[in-house]
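Participant: Pasting in a structure now, in structure tokens, and then I'll have a few things to ask.
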Amino acid sequence: MDTNAGSFVAVRRLAGSDRAAGAVAFHHSSSAEVVTGSTAWIGRGLSCVCAQGRDSDARLSFDLTPVQEECLLRLQNRIEVQYDSSNREHQEELKALWCASFPGIELQGLISEQWKEMGWQGKDPSTDFRGGGFISLENLLFFARNYPKSFQELLRKQNGDRAIWEYPFAVAGVNITFMLIQMLDLQAVKPRSLFGAVFLKLLSENDRAFDIIYCVTFKVMDQQWLDMHATYMDFNTVMKATRRQIERELLLEDILRIEDMPSYKLLAR
Numbered sequence: 001m002d003t004n005a006g007s008f009v010a011v012r013r014l015a016g017s018d019r020a021a022g023a024v025a026f027h028h029s030s031s032a033e034v035v036t037g038s039t040a041w042i043g044r045g046l047s048c049v050c051a052q053g054r055d056s057d058a059r060l061s062f063d064l065t066p067v068q069e070e071c072l073l074r075l076q077n078r079i080e081v082q083y084d085s086s087n088r089e090h091q092e093e094l095k096a097l098w099c100a101s102f103p104g105i106e107l108q109g110l111i112s113e114q115w116k117e118m119g120w121q122g123k124d125p126s127t128d129f130r131g132g133g134f135i136s137l138e139n140l141l142f143f144a145r146n147y148p149k150s151f152q153e154l155l156r157k158q159n160g161d162r163a164i165w166e167y168p169f170a171v172a173g174v175n176i177t178f179m180l181i182q183m184l185d186l187q188a189v190k191p192r193s194l195f196g197a198v199f200l201k202l203l204s205e206n207d208r209a210f211d212i213i214y215c216v217t218f219k220v221m222d223q224q225w226l227d228m229h230a231t232y233m234d235f236n237t238v239m240k241a242t243r244r245q246i247e248r249e250l251l252l253e254d255i256l257r258i259e260d261m262p263s264y265k266l267l268a269r
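Residues in the sequence shown are numbered from 1 upward in steps of one, following UniProt numbering.
As structure tokens, this is what we get:
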């Protein structure tokens, strides 16, 4: 996993009159205004102090059940897969993302100016997967297929009083994948944060828990963006606020599934 998430591009949001009804107005660099910036990611989660005893004797407890170990290993195997533009399976998943995002609109190619409409930095999305790997593509596709209403609302920036300079949808999605992997400490042998320990319990109940929390986090990020009246310069601040909210919700009592998180209610199918 590349710990340098790289740069992001903020594309100026097109006015409603610039979009044909029921269709997407594709634009080239000559008709789109682009601003670049850098993403600065915050560190790992808080230490998990689980053992009982005097404060000075507090110890970290990371014991996992065999089921949790198996679920973590499967997820880590997904995380380790880098996007390979020459891999036929990866190519097909990218095409599937396009079809789920813009149904009825023919994709001109895996390298095309059309991809900028989804919020990729350039005409080749494969160059933006370095920070999140193949799983970031899987996350976006899961979101599109399982919560299509919310996915389309975020993709097309349909809700709220939005800024002229909006965050790029697809690149934001890759950054969310990266942030969750770091926050939940998913590349460690055992969790080193309370958030990671709680998440592994949820993962053992549903092996798609990571994909679902990704969708929840994306909606929370967009809500934070609107609440802050943010522009592209505020992207990192919005992401930090998003992380804090997800961490708080994971530690609430009676959270037995990702679907029990309060922010899950933001999602619509």
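Idealized CB from N, CA, C, for every residue including glycine.
By Cβ distance below 7 Å, which residues in the same chain neighbour tyrosine 83 in space, the five residues on each side in sequence not counted?
Facilitator: Indexing the sequence shown from 1 puts residue 83 at position 83. So the list reads His90, Ser126, Phe129, Gly133, Phe134 and Leu137, once near-sequence residues are dropped.
Participant: I'd like to know whether the C-beta atoms of alanine 170 and methionine 118 end up nearer to each other than 9 Å.
Facilitator: Counted from its first residue, the sequence shown places residue 170 at position 170. Counted from its first residue, the sequence shown places residue 118 at position 118. Yes. Within cutoff.
Participant: Taking just the CA atoms, how far does glycine 104 sit from residue 311?
Facilitator: Outside the displayed range of the chain (1 to 269) lies residue 311, so it cannot be described from this structure.
Participant: Helix, strand or coil for leucine 184 per DSSP?
Facilitator: Within the sequence shown, the letter at position 184 stands for residue 184. Three-state result, leucine 184: coil.
Participant: Check whether the segment 95-112 and the segment 61-71 are in contact - that is, three or more C-beta pairs closer than 8 Å.
Facilitator: No, because fewer than three Cβ pairs between the segment 95-112 and the segment 61-71 fall closer than 8 Å, the two stretches do not touch.
Participant: Between Asn159, Gly196, Asn236 and Arg208, which has its C-alpha nearest phenylalanine 142's C-alpha?
Facilitator: Taking the first residue of the sequence shown as position 1, residue 142 is located at position 142. Closest by alpha carbon: Arg208.
Participant: On the DSSP letters alone, give me the boundaries of the alpha helix (DSSP H) that isoleucine 246 sits inside.
Facilitator: In the sequence shown, residue 246 corresponds to position 246, counting from 1. Here the alpha helix (DSSP H) through isoleucine 246 covers 235-250.
Participant: Let me check understanding here. Comparing Cα to Cα, which of Arg243, Lys149 and Ser263 lies closest to glutamine 182?
Facilitator: Counting from one through the sequence shown, the residue named residue 182 turns up at place 182. Checked all of Arg243, Lys149 and Ser263; the closest Cα to glutamine 182 is Arg243.
Participant: Where threonine 231 and leucine 194 are concerned, what is the direct C-alpha to C-alpha distance, given to the nearest angstrom?
Facilitator: The count along the sequence shown starts at 1 and reaches residue 231 at position 231. The count along the sequence shown starts at 1 and reaches residue 194 at position 194. Using only the alpha carbons, I get a separation of about 32 Å.
Participant: Would you kindly work out how many angstroms separate the C-alpha atoms of arginine 269 and arginine 192, rounded to a whole number?
Facilitator: For the purposes of this step, residue 269 is taken as residue 269 along the sequence shown, with counting starting at 1. For the purposes of this step, residue 192 is taken as residue 192 along the sequence shown, with counting starting at 1. Cα to Cα, arginine 269 sits roughly 34 Å from arginine 192.
Participant: Would you report the Cα separation of isoleucine 79 and isoleucine 255, rounded to the nearest angstrom?
Facilitator: Position 79 of the sequence shown holds residue 79. Position 255 of the sequence shown holds residue 255. Going by the C-alpha atoms only, they are around 25 Å apart.
Participant: Closer than 8 Å by C-beta to valine 67: which residues in its own chain qualify, once you throw out the five before and the five after it? Chain order, please.
Facilitator: Looking up residue 67 in the sequence shown gives position 67. The residues are Ser204.
Participant: Along the chain, where does the alpha helix (DSSP H) containing glutamate 89 start, and where does it finish?
Facilitator: Residue numbering aside, residue 89 sits at position 89 when the sequence shown is read from its first letter. It spans 88-101 - the alpha helix (DSSP H) in which glutamate 89 sits, taken as one unbroken run.
Participant: Straight-line CA distance for tryptophan 115 to glutamate 106?
Facilitator: Within the sequence shown, residue 115 is the residue found at index 115, counting from 1. Within the sequence shown, residue 106 is the residue found at index 106, counting from 1. Using only the alpha carbons, I get a separation of about 12 Å.
Participant: Go ahead and pull the three-state DSSP assignment for phenylalanine 210.
Facilitator: Position 210 of the sequence shown, counted from the first residue, corresponds to residue 210. Helix at phenylalanine 210.
Participant: If you draw a straight line from the alpha carbon of glutamine 76 to that of cysteine 215, how long is it in whole angstroms?
Facilitator: The residue you call residue 76 lines up with position 76 of the sequence shown. The residue you call residue 215 lines up with position 215 of the sequence shown. Roughly 19 Å separates the two Cα atoms.
Participant: Using the rule of at least 16 other Cβ atoms within 10 Å of the residue's Cβ for burial, across every protein chain shown, is serine 150 buried or exposed?
Facilitator: Working through the sequence shown from its first residue, we reach residue 150 at position 150. Classification for serine 150: buried.
Participant: What is the DSSP secondary structure of isoleucine 258, counted as helix, strand or coil?
Facilitator: Locating residue 258 in the sequence shown gives position 258, counting from the first residue. In the structure shown, isoleucine 258 sits in a helix (DSSP, three-state: H, G or I).
Participant: Taking glycine 131 and phenylalanine 178 to be in contact with their CB atoms under 8 Å, please state how far apart those CB atoms are, rounded to whole angstroms.
Facilitator: Translated into the one-based positions of the sequence shown, residue 131 becomes position 131. Translated into the one-based positions of the sequence shown, residue 178 becomes position 178. Yes, glycine 131 and phenylalanine 178 are in contact; Cβ-Cβ is about 5 Å, under 8 Å.
Participant: What separation, rounded to the nearest whole angstrom, lies between the Cα atoms of tryptophan 120 and phenylalanine 218?
Facilitator: Here residue 120 refers to the residue found at position 120 when the sequence shown is read from its first residue. Here residue 218 refers to the residue found at position 218 when the sequence shown is read from its first residue. Their Cα atoms are separated by approximately 16 Å.
Participant: Could you give the residue range of the alpha helix (DSSP H) that holds leucine 137?
Facilitator: Indexing the sequence shown from 1 puts residue 137 at position 137. Note, leucine 137: alpha helix (DSSP H), 134-146.
Participant: Compare the Cα-Cα distances from methionine 224 to each of Tyr147, Gln108, Ala163 and Gly109 and report the closest residue.
Facilitator: For the purposes of this step, residue 224 is identified with residue 224 of the sequence shown, where counting begins at 1. The residue asked about is misnamed: residue 224 is glutamine in this sequence, not methionine. It is Ala163 whose Cα lies nearest to the Cα of glutamine 224.
Participant: Thinking just about the alpha-carbon of each residue, which of Val220, Cys71 and Ala241 is nearest to the one in tyrosine 264?
Facilitator: As a first step, residue 264 must be located in the sequence shown, where it is residue number 264. Checking every option, the nearest Cα to that of tyrosine 264 belongs to Val220.
Participant: Cα separation between alanine 144 and phenylalanine 235?
Facilitator: Against the sequence shown, residue 144 aligns to sequence position 144. Against the sequence shown, residue 235 aligns to sequence position 235. If you take the alpha carbons of alanine 144 and phenylalanine 235, they lie about 22 Å apart.
Participant: Between the C-alpha atoms of alanine 188 and valine 198, what's the straight-line distance to the nearest angstrom?
Facilitator: Walking along the sequence shown from the start, residue 188 turns up at place 188. Walking along the sequence shown from the start, residue 198 turns up at place 198. Rounded to the nearest angstrom, the two C-alpha atoms are 15 Å apart.
Participant: Measuring alpha carbon to alpha carbon, tell me which of Ala172, Lys201 and Gly173 ends up nearest leucine 186.
Facilitator: As a working mapping, residue 186 is identified with position 186 in the sequence shown. Out of Ala172, Lys201 and Gly173, Lys201 has the C-alpha closest to the C-alpha of leucine 186.
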